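All remarks here apply to the structure that follows.
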Ligand SMILES: O=C(O)CCC(=O)C(=O)O
Ligand SMILES: [Fe+2]
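Residue numbers (the working numbering): 2 to 528.
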């Protein structure tokens, strides 16, 4: 699929450009054909009206007689042949060939892109009509959505069992439809919208509104069978509820209202509402650490860890005291970033997560991105970056994983998680034999126009990407236990593109650099 990385979606524009050229070609050939036929018709008409003035005189001229006969035999055959010849075939064949050469999105991509748009709408509290008008978080972009686009998004939500967004987008489709000039090629009618709206409104628990909409639908199409059945159901249900309110008791034997609209399985929510609220508020920049948390934080140059740093000190900014989280500025240079992106692009694979039971790597909707791994020895630039990571962390890099380069897709995100493996995840990092992930270094390789922050849900701390900076924190306490306070997430990218790379460092080899202890650390700085 392509929707999981914007870097890959760029290729779709190339596909589109080829399709446009192809369509242009088809239209030109079709127009030539029609022009030829039109000229022929004019010629026929001209001759015919001449002849009609005096039919006898016309045919009595042997030349005319010959030409008339010719027009209706060989000339006409040519017309028939041309009418019969379907100029579309060649162009369709071309498109079939392109399918194996060019990148085409699939239905899964369409669904992924739709779900992404809805996720952005929820996380950033974007109101439906602003989104439809191309406004994202107050910034007006050039794109607008037609009623057809809104209807499709509503339908997609319905298929995903997401009745909440179905109602929002079907209402928007209706509003837009009434504003737009009559469109005869529209794939849906007002009645279709009402049917989706009524059923989804019922699913959302509002039977009265569902009934009102069904009645409205029946005014348009009085014999709509399903709507008539649903109307009876809703009326009965409302009557029963009224009765129930008077005296308790309900036999609940009624048949459910019917819908033949397609439905797919939905995902269960994966993190609790309190954390979700914190996560979303952090993503929107609405939740900040308290002033007392911020008071102790400093910026400083790091010059003493290795001699090289006297020449090129690291620029450290503390962002959280306990657990200690810092940002290094100018931790990766533009030229390094360019090369790393170039190396990663052809190797992108959909990012996976580890199944906590089986240890297997699998894809999940809560992590939408593509990633690639780069080995230290592959290029001098990677070596330099890894050396700098050693300087930034004071940790041994022999036990570090390869550099993981990540590009997020439309609304790409990674929901709250720990980078370390928990006790129950016995099989995590199996085979590496390097212990748990003791530390994370997260390089930001792009600015992100809107959204895409890294947020620590229990620390109320958000890091907004700035190209060239790197975040660093320890995932484990001194006693080797995971520090649950490091739980973090990547917020959905609202606009712009987000590139990061991860360097995960493991426990093995850090014994003298960060000696372990029988106790947890208590607020002492890690570096
Ligand atoms: O992209 C981000 O901001 C965070 C990524 C992350 O947490 C991860 O890949 O483990
Ligand atoms: Fe992470």
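Cβ coordinates follow ideal geometry from the N, Cα and C atoms, glycine included. Quick caveat: nothing in here was measured; it's all calculated off a predicted structure.
Query, Result
"Proximity test, Cβ basis, 9 Å: residue 311 and chain B", "Within the model displayed, chain B is absent; a lone protein chain is all it includes."
"Simplified DSSP assignment, three categories, for residue 508", "coil"
"CB contact flag (residue 199, residue 228, <9 Å)", "yes"
"Complete runs of the beta strand (DSSP E) confined to the segment 21-48 [at least 3 residues]", "none"
"Residues proximal to ligand 2 by C-beta, any heavy atom closer than 6 Å", "418, 420 and 489"
"Straight-line gap, residue 269 to residue 383 (C-alpha atoms, nearest Å)", "Interpretation of residue 269 is limited by its pLDDT of 37, a score under 50 that renders its predicted location unreliable; the figure taken from the coordinates is listed afterwards. Each residue's Cα considered, the two are about 40 Å apart."
"Separation of residue 457 from residue 487, as counted between CA atoms", "6 Å"
"DSSP-derived helix/strand/coil call for residue 93", "helix"
"Rounded distance between the beta-carbons of residue 354 and residue 393, thought under 8 Å", "27 Å between Cβ atoms; not a contact."
"Minimum length 4: unbroken alpha helix (DSSP H) runs contained in the segment 156-242", "164-180, 191-204 and 208-221"
"Minimum C-alpha distance to residue 273 - residue among 416, 467, 122 and 516", "416"
"Identity of the residue in 340, 409 and 366 nearest residue 381 by Cα", "340"
"Proximity test, residue 1 beta-carbon vs ligand 1 heavy atom, cut-off 8 Å", "Past the edges of the chain, shown from 2 to 528, lies residue 1, and the structure says nothing about it."
"CB contact flag (residue 169, residue 155, <9 Å)", "yes"
"The segment 25-41 in contact with the segment 81-92 per 3-pair CB rule at 8 Å", "yes"
"Stretch-stretch touch, CB-based, cutoff 8 Å, three pairs: the segment 470-480 with the segment 492-499", "no"
"Short Cβ contact (9 Å threshold) for residue 461 with residue 291", "yes"
"Where residue 474 falls, given that 16 or more other Cβ within 10 Å makes a residue buried", "buried"
"Touch test, the segment 73-80 against the segment 115-124, Cβ-Cβ under 8 Å, three pairs minimum", "no"
"C-alpha distance - residue 336 paired with residue 314, whole-angstrom precision", "19 Å"
"For residue 305, the residue or residues it bridges with in DSSP", "Paired residues: none, contrary to the question."
"Rounded C-alpha distance that separates residue 509 from residue 404", "17 Å"
"Contact test: residue 409 Cβ vs ligand 1 heavy atom, cutoff 8 Å", "yes"
"Cβ-heavy atom distance, residue 493 to ligand 1, below 8 Å", "no"
"Chain-order list of residues whose beta-carbon lies under 7 Å from that of residue 352 (same chain, five-residue window excluded)", "368, 370, 371, 372 and 407"
"Boundaries of the beta strand (DSSP E) in which residue 561 is found, first to last residue", "Limits of the chain in this structure are 2 at one end and 528 at the other, which puts residue 561 out of reach."
"Host alpha helix (DSSP H) of residue 446 (start-end)", "It is not in any alpha helix (DSSP H) - residue 446 carries neither H nor E in the DSSP assignment."
"Neighbour-count burial assignment, residue 128, 16 or more Cβ in a 10 Å radius", "exposed"
"Straight-line Cα distance separating residue 98 from residue 16", "12 Å"
"Supposed contact pair residue 88 and residue 34 - C-beta distance, whole angstroms, cut 8 Å", "6 Å"
"C-alpha distance - residue 402 paired with residue 387, whole-angstrom precision", "11 Å"
"Three-way DSSP call (helix, strand, coil) for residue 529 in this model", "Here the chain has residues from 2 to 528 only, and residue 529 is not among them."
"Nearest-angstrom beta carbon gap, residue 224 and residue 218 [assumed within contact, 8 Å]", "The Cβ separation is near 11 Å, so there is no contact."
"Backbone CA spacing between residue 22 and residue 148 [nearest angstrom]", "27 Å"
"Proximity below 9 Å, CB of residue 289 to CB of residue 300", "no"
"Beta-carbon proximity check, residue 216 vs residue 232, cutoff 9 Å", "yes"
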